[in-house]
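Asker:
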Amino acid sequence: MPCRLWLCLLLVCPPAWADWHGKLSVLSEYVYRGYSKSWGNPVVQGQLGYQDASGWFAGTAVSQASFDGRDYPEHTDLEAKPFLGVYWPLGTDWRAELSAYGYIYDGEVFSKPADFFEFSAAMHYQDWLSGKISVAPDAYQRQATVDYELNYRHDLTDTVQFSAGLGLYQADRLLGKNYLYWNLGASWFLDAHLVFDCRYVDVQLDGDYAAGSRPDAFHPKLLGSQLLLTLSAGF
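Under the working numbering, the first residue of the sequence shown is numbered 32, with each subsequent residue one higher.
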């Protein structure tokens, strides 16, 4: 598939001018826009990327994944997420960004192939406020979705940062309704390479969503109010 080819190009043909960075994380749960991609279980994630001084960046992230509790014979266990983008300054305080992401799975999601692309446009104000719009023309090879996110960050001390996010996911044709999701928490920078994050998440999505009534049903594990813990090591 095209997104599999893109992933191969990113891994095999990186440019020599790249400024490399990477991260390895352990999460208490893989939460994505108000639902779970790990069926409530902890996961390990890794990311490798590079960024050019001109503003181009690219890389890939890999995570354990389980949408269905492994109840289906061809269930997925792994998600790969290649990405490519560019940013540029708008004056001294603002920065614009365009990016594209692929979501690639080693198996099926609810008995159906699910690889897809998503395209995003973002605006950043200094280092503390970001807004982002993401469009997936065929999310999980089922339906189109649009996501709106607003994120805020504030340094409380030299080693502790508070952050919060609010999102609106227009996924009525995928999950049966549009809904809000949000989070707030703090990141503790233990040293230059190690970060611990504790975060409260909640979502305006409950068991009355109608996705399960369709032949192409997509019904991941729903979230309630809960705490998420993440430990990350990076370079």
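Note that the Cβ used here is the ideal one computed from N, Cα and C, for glycine as well.
When the Cα of residue 193 is compared with those of 215, 51, 234, which residue comes out closest?
Answerer: The option with the nearest alpha carbon to residue 193 is 215.
Asker: In three-state DSSP terms, what is residue 203?
Answerer: Three-state DSSP puts residue 203 in a helix.
Asker: Have a look at residue 137 and residue 167 and give me their C-alpha separation to the nearest angstrom.
Answerer: Taking the straight line joining both Cα atoms gives about 20 Å.
Asker: How far does the beta strand (DSSP E) with residue 250 in it extend, from its first residue to its last?
Answerer: Element bounds for residue 250: n/a, residue is neither H nor E.
Asker: What first and last residue would you give for the beta strand (DSSP E) that runs through residue 219?
Answerer: Its beta strand (DSSP E) spans residues 210-220.
Asker: Quick test of the definition: if touching needs 3 or more C-beta pairs under 8 Å, does the region 137-152 touch the region 104-116?
Answerer: Touching, yes.
Asker: Just to confirm before moving on: does the CB-CB distance between residue 133 and residue 148 stay below 7 Å?
Answerer: Yes. Within cutoff.
Asker: Can you tell me whether residue 210 is buried or exposed, with buried defined as 16 or more other CB within 10 angstroms of its CB?
Answerer: So residue 210 counts as buried.
Asker: Excluding the 5 residues preceding and the 5 following residue 78 in the sequence, name in chain order all residues of the same chain whose CB lies nearer than 7 Å to its CB.
Answerer: Around residue 78: 53, 54, 90, 92.
Asker: Please list the terminal residues of the continuous beta strand (DSSP E) segment that includes residue 23.
Answerer: Given that the chain is displayed from residue 32 to residue 266, the structure contains no residue 23 and the question cannot be resolved.
Asker: In the DSSP output, what is residue 264 paired with across the bridge?
Answerer: Looking at the DSSP assignment, residue 264 forms a beta bridge with 55, 225.
Asker: If I measure Cβ to Cβ from residue 257 and keep anything under 7 Å in the same chain, skipping five residues before and after, which residues do I get?
Answerer: Only 232 meet the Cβ criterion.
Asker: Return the first residue and the last residue of the beta strand (DSSP E) that residue 60 is part of.
Answerer: Run containing residue 60: none; DSSP gives neither H nor E here.
Asker: Taking residue 98 as the reference, which of 261, 264, 250 has the closest Cα?
Answerer: Here the closest residue by C-alpha is 250.
Asker: If you follow the beta strand (DSSP E) that residue 151 is part of, which residue opens it and which one closes it?
Answerer: From DSSP, the beta strand (DSSP E) with residue 151 extends over 147-156.
Asker: DSSP on residue 113, reduced to helix/strand/coil?
Answerer: Strand, per DSSP.
Asker: What separation, rounded to the nearest whole angstrom, lies between the Cα atoms of residue 248 and residue 169?
Answerer: Their backbone Cα atoms lie some 14 Å apart in a straight line.
Asker: Check this for me: beta carbons of residue 183 and residue 195, under 7 Å apart or not?
Answerer: Yes. Within cutoff.
Asker: Could you tell me the distance, in whole angstroms, from the CA atom of residue 243 to the CA atom of residue 200?
Answerer: Per-residue confidence for residue 243 stands at a pLDDT of 46, beneath the threshold of 50, marking its modelled position as unreliable; the derived number appears in the next sentence. Their Cα atoms are separated by approximately 18 Å.
Asker: Helix, strand or coil for residue 98? Go by DSSP, reduced to three states.
Answerer: Coil at residue 98, not helix or strand.
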